[in-house]
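Taking it in order: structure first as structure tokens, then the write-up.
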Amino acid sequence: MEIKHIENKGFYIYDEKGEIIAEMTYKKDGNNLIFDHTYVSPLLRGQGIADKLFNTGVEFAEKNNYKIVPVCSYIVKKFESGKYDYIKA
1 MEIKHIENKG
11 FYIYDEKGEI
21 IAEMTYKKDG
31 NNLIFDHTYV
41 SPLLRGQGIA
51 DKLFNTGVEF
61 AEKNNYKIVP
71 VCSYIVKKFE
81 SGKYDYIKA
């Protein structure tokens, strides 16, 4: 599955009809990316899709010197481990 990045919006996975089946959205605020929403279609849940979206977002933030503000409950939970403190705003 290919993850598409739409600048200043988020990371998306589309089905063959062009419908969004998974997404992680963000808002840009200066040097911060506010990760505010994650969704995975019920048909795809349990396959690590949300993790793939999250990792893609973290890589994008790292490459572009952004910090992440976790707002979405899924992203907040990922940050609780402390593993991503280096990139947390």
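Take 1 as the starting number for the sequence shown in UniProt numbering and just add one per residue.
Beta carbons: idealized from backbone N, C-alpha and C, even for Gly.
Keep in mind the model is a prediction, meaning the values are calculated, not measured.
Write down the C-beta distance between I49 and V40 rounded to the nearest angstrom, noting that I regard them as a contact closer than 8 Å. 5 Å
Taking 8 Å as the threshold (C-beta atoms), are T56 and I3 in contact? yes
My understanding is that D15 touches I21, with C-beta atoms under 8 Å, so please give their C-beta distance in whole angstroms. 5 Å
Just the Cα atoms here: how many angstroms apart are F54 and K17? 24 Å
Element boundaries [beta strand (DSSP E), containing D29]: 20 to 29
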